[in-house]
Amino acid sequence: DSGVTQTPKHLITATGQRVTLRCSPRSGDLSVYWYQQSLDQGLQFLIQYYNGEERAKGNILERFSAQQFPDLHSELNLSSLELGDSALYFCASSGTGWSHAEAFFGQGTRLTVV
Amino acid sequence: KNQVEQSPQSLIILEGKNCTLQCNYTVSPFSNLRWYKQDTGRGPVSLTIMTFSENTKSNGRYTATLDADTKQSSLHITASQLSDSASYICVVSAERSGGSNYKLTFGKGTLLTVNP
């Protein structure tokens with residue numbers, strides 16, 4: 001168990017809908033990262049937050065947004081969902097925002113858009 | 115463009131055998147390189163992280179090497195076990211300015227199957 005908790009584990013929704021994925025980082029970790037993993041792609045970095053502020057942005061679509069709350073948990077909001085958004089979404093946390101910090105991954109949320 | 119290429123895409127070996135996975139990168143400026151193990155449907159787990167000055171690092175039966183000159187890394191697994199069946203992902207960090215401003219580039223992974 002990495003100590004990173006993601007909910008829900010599975011989510012099935014229809015195209016055009018909006019969903020929210022939740023991540024609780026390891027106790028004391030300030031940095032949260034979101035990743036998308038599709039069947040035909042490797043892990044794609046979406047966005048990073050550090051202590052409530054956006055730190056880095058990757059290949060995140062405009063339909064997607066995220067935030068990190070004062071208690072350090074984070075939410076990833078996906079709207080106007082398309083079939084191609086079906087993927088595993090991972091959250092990771094690290095103690096600091098430094099590049100050499102080890103990141104611990106949650107078990108992921110499997111999103112299926114039908 | 116920053117890229118991480120892993121080979122082979124997939125590999126099947128018999129239990130007890132050794133194997134080596136390759137990672138070539140064009141990421142710049144290089145900060146560190148990580149190997150992760152990802153079991154099917156689960157989150158990746160870190161195996162090793164290596165900086166520019168390190169050329170070998172071990173974690174049990176896993177040994178990673180790094181040649182920063184040729185921009186190549188390898189992950190060697192010794193005496194494979196059935197539980198080693200997983201995807202192995204190479205991740206390279208490029209540091210833009212200072213340690214807190216960086217970008218991670220992921221390889222697509224090597225899928226290793228260990229058969230009895």
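Residue numbers (this note's numbering), protein chains in the order written: chain A, 1 to 114; chain B, 115 to 230. Glycine included, each C-beta is placed from N, C-alpha and C at the ideal position.
From the DSSP secondary-structure annotation, give me the bridge partner or partners of residue i.
i	result
A/Glu62	According to DSSP, A/Glu62 bridges with nothing at all.
B/Asp181	B/Gln186
A/Ser2	Looking at the DSSP assignment, A/Ser2 forms no beta bridge with any residue, so it has no partner.
B/Thr231	This structure leaves residue 231 of chain B out entirely; chain B is present only between 115 and 230.
Classify residue i as helix, strand or coil using the three-state DSSP reduction.
i	result
A/Leu83	helix
A/Leu72	coil
B/Ser197	helix
B/Lys222	coil
A/Gln127	The structure shown does not extend to residue 127 of chain A, since chain A is modelled only from 1 through 114, so no value can be given for it.
A/Ala103	coil
B/Arg156	coil
B/Phe166	coil
B/Thr140	coil
Comparing C-alpha positions only, which one of the options sits nearest to residue i?
i	options	result
B/Tyr150	B/Ala200, B/Val228 and B/Gln117	B/Ala200
A/Gly95	A/Ala87, A/Tyr89 and A/Phe104	A/Phe104
A/Gln44	B/Gly221, B/Asn229 and B/Val228	B/Gly221
B/Phe144	B/Leu218, B/Ile191, B/Val228 and B/Pro230	B/Leu218
B/Leu125	B/Pro158, B/Asn173, B/Glu209 and B/Asp198	B/Asp198
B/Leu196	B/Asn229, B/Val141 and B/Leu161	B/Asn229
B/Cys137	B/Gly130, B/Leu128, B/Pro122 and B/Lys131	B/Pro122
B/Ala182	B/Tyr176, B/Ala193, B/Gly174 and B/Thr165	B/Thr165
So residue i is in the beta strand (DSSP E); what residue range does that whole segment cover?
i	result
B/Gln152	Phe144 to Gln152
A/Glu53	Glu53 to Lys57
B/Gln120	Val118 to Ser121
A/Arg110	Thr109 to Val113
For residue i, go through chain E and note every residue whose CB falls closer than 9 Å to its CB, in chain order.
i	result
A/Gly84	Going by chain labels, chain E is absent from the structure shown, which instead holds the protein chains A and B.
Exercise. What runs of the beta strand (DSSP E), each 3 residues or longer, lie entirely inside the region 12-41 of chain A?
Worked result: 19-24 and 31-37
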